[in-house]
Every structure is written in C-alpha cells, then in structure tokens.
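Peer 1: For the numbering used here, count along the sequence shown from 1 and bump the result up by 48.
One structure follows; several queries about it will come next.
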Amino acid sequence: MFITPYDTPAISRHLRLIWSCLGMTRAEITTCLSQLPIGCNLLVDDTQLDWLRVQAPRHTLLRKSTQGIERLRPDGSVAETMALYEHCLPSQIAHQPARAAIALDIVLSSNTEEAWEKAETLIAEGLPSQIAASALVGTAQEIALRLNDYRELGLYDAILTAPSERAPYRAVCEDLMPLLRQQTVPSERHARLAGVSQSVFGRHGAAL
C-alpha cells in the first residue's frame with residue numbers, strides 16, 4: 049500500500065495488496081477510504097472511476113476487464129494489465145503469465161481460533177466453498193505466511209475481496225502490511241510455536 053505506484057516486481061519484490069471495491073456503493077467506498085491510508089490500491093467499477101479520481105486522487109485505481117486486471121495511471125490510461133486468478137490455492141496455480149494477480153477473501157484476527165470461528169460462521173451463512181477454501185484466515189503472521197506462498201510463485205499482487213461490512217481495513221494496514229513491506233514471515237520454529245505448519249496441507253487444513 050505504501051509502495052510507489054506502477055513499480056514492477058523487477059524493481060520491488062514486495063507483495064502489494066489491492067482492496068476490491070467492486071459492487072460497492074459510493075457510501076461504502078467512502079467508509080473504506082476513511083479507514084485506509086493514502087496510496088492504497090483500489091479495484092473499482094468503471095462507473096466509479098471518474099468520481100474516485102476526484103475523491104481519492106492519491107490512491108492507485110484498478111479495474112477489471114476481459115483481459116484481466118488493469119492498473120490505471122492518474123489520467124485513466126492503462127499502466128499494465130495482469131492476468132487474474134480468483135480464489136485459488138498455490139497448488140492450483142501453474143504456468144502463470146509474467147504478470148498476474150490473485151483474488152482472495154480474508155478473515156484476519158489477533159487470535160487464530162477466533163479467526164477460524166468467524167470463517168466457520170461465514171461458511172454457515174453461505175460463503176461459497178471455493179472462496180472459503182482459499183480464504184486467508186488467521187493472524188497477521190499466519191496470513192503473511194500464506195501470502196508468501198503466492199509470492200514464491202511470482203504473484204506480487206493480491207486482491208482482497210472481503211465485502212465492506214467485514215473487511216479488516218485497519219488490521220491489515222496496522223498488522224499485516226508491516227510484515228509484507230519488510231518481507232518478514234515467521235521462521236519455521238516460530239511457525240511451529242504458533243501452531244502453523246510450513247506444509248501446504250498443514251497450513252490450509254482440511255477441505256471446507
């Protein structure tokens with residue numbers, strides 16, 4: 049969120065987070081903006097682009113197109129286009145294009161058990177199984193580990209698709225982003241102490 053816009057992975061190896069505002073009303077987007085620092089990346093509907101260029105001129109705007117995800121310059125021209133993977137686990141991604149983004153739901157909490165309880169409630173309330181199975185669930189350190197799996201595959205842009213009523217805007221900015229900016233994730237020893245396995249199966253758990 050604090051990386052200079054339009055840096056490519058060749059320049060910066062940090063993973064960038066993009067907040068999905070697709071389908072949001074202007075009131076919901078305004079609430080989102082009030083909780084995010086300047087310079088964030090926002091994926092928005094075409095109908096909101098002109099309004100947001102006025103309301104949030106220092107944010108980076110992206111839009112979804114038939115080609116994938118387009119990152120826009122301040123004048124509205126396309127700076128780059130990325131292929132899109134939606135709600136996929138790292139094991140489901142192979143032979144990705146040079147530039148691609150992954151879209152994932154997120155349930156972030158300061159406590160692992162609490163995060164999974166929230167996730168289970170969302171599943172009971174109808175969260176689709178594909179979205180639930182790939183969702184980023186856990187503490188900031190656990191989610192940083194998960195995101196590092198995608199970074200190792202060469203995906204440096206992650207779109208967070210949690211709807212505005214439960215999107216953890218502040219927690220991501222305050223707890224998760226510092227880990228990603230520093231490219232620090234818990235060591236294997238710390239992961240074991242936190243109950244996080246470095247194996248793909250152990251980290252993602254049983255099928256939801």
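Virtual Cβ for every residue (Gly too), placed ideally from N, Cα, C.
The structure displayed is predicted, hence computed values, not measured ones.
For D153, does the count of other Cβ atoms within 10 angstroms reach 16, so buried, or fall short, so exposed?
Peer 2: Under this definition D153 is a buried residue.
Peer 1: Is the distance from the Cβ of H62 to the Cβ of L90 below 8 Å?
Peer 2: Against a cut-off of 8 Å, the Cβ pair of L90 and H62 comes out as no contact.
Peer 1: Okay, do the stretch 165-181 and the stretch 122-132 touch, 3+ Cβ pairs below 8 Å being the bar?
Peer 2: The stretch 165-181 vs the stretch 122-132: no contact.
Peer 1: Considering just the uninterrupted stretch of the alpha helix (DSSP H) at N159, what are its terminal residues?
Peer 2: From DSSP, N159 is part of no alpha helix (DSSP H); its letter is neither H nor E.
Peer 1: Rank C88, P138, S157 by C-alpha distance to the C-alpha of L109 and give the top, closest one.
Peer 2: Among C88, P138, S157, the Cα nearest to that of L109 belongs to C88.
Peer 1: What does the Cβ neighbour count give for W67, buried or exposed, with the cut at 16 atoms within 10 Å?
Peer 2: Under this definition W67 is a buried residue.
Peer 1: Taking DSSP's pairing of strands, which residues face Y133 in a bridge?
Peer 2: Answer is I150.
Peer 1: Short of 6 Å in beta carbon distance, which residues of its chain neighbour T209, apart from the five on each side in sequence? Order them along the chain.
Peer 2: Excluding positions up to five away in sequence, the list reads S68, A151, D153.
Peer 1: Can you say whether L224 is buried or exposed, counting buried as having 16 or more other CB atoms within 10 angstroms of its CB?
Peer 2: Buried, since its Cβ has 16 or more Cβ neighbours within 10 Å.
Peer 1: Within its chain, find whatever has a CB closer than 8 Å to the CB of A149; leave out the 5 residues flanking it on each side and keep chain order.
Peer 2: I66, G116, I117, M130, A131, L132, Y133, L203, D205, A206, I207, listed in sequence order.
Peer 1: Here's the rule I'm using: 16 or more other beta-carbon atoms within 10 Å means buried, otherwise exposed. How should S182 be labelled?
Peer 2: The residue in question, S182, is buried, as its Cβ has 16 or more Cβ neighbours within 10 Å.
Peer 1: Going by DSSP, what residues sit across from A183 in a beta bridge?
Peer 2: Paired residues: none, contrary to the question.
Peer 1: Just tell me which of L184, S157, A167 has its CA closest to the CA of E222.
Peer 2: For E222, the nearest C-alpha among the options comes from S157.
Peer 1: Can you list the beta strand (DSSP E) stretches of 3 or more residues lying completely in the stretch 63-100, in chain order?
Peer 2: Runs of the beta strand (DSSP E) inside the stretch 63-100: 64-68, 89-91.
Peer 1: Look up A142 in the DSSP assignment and say whether it is helix, strand or coil.
Peer 2: DSSP places A142 in coil when its eight states are reduced to three.
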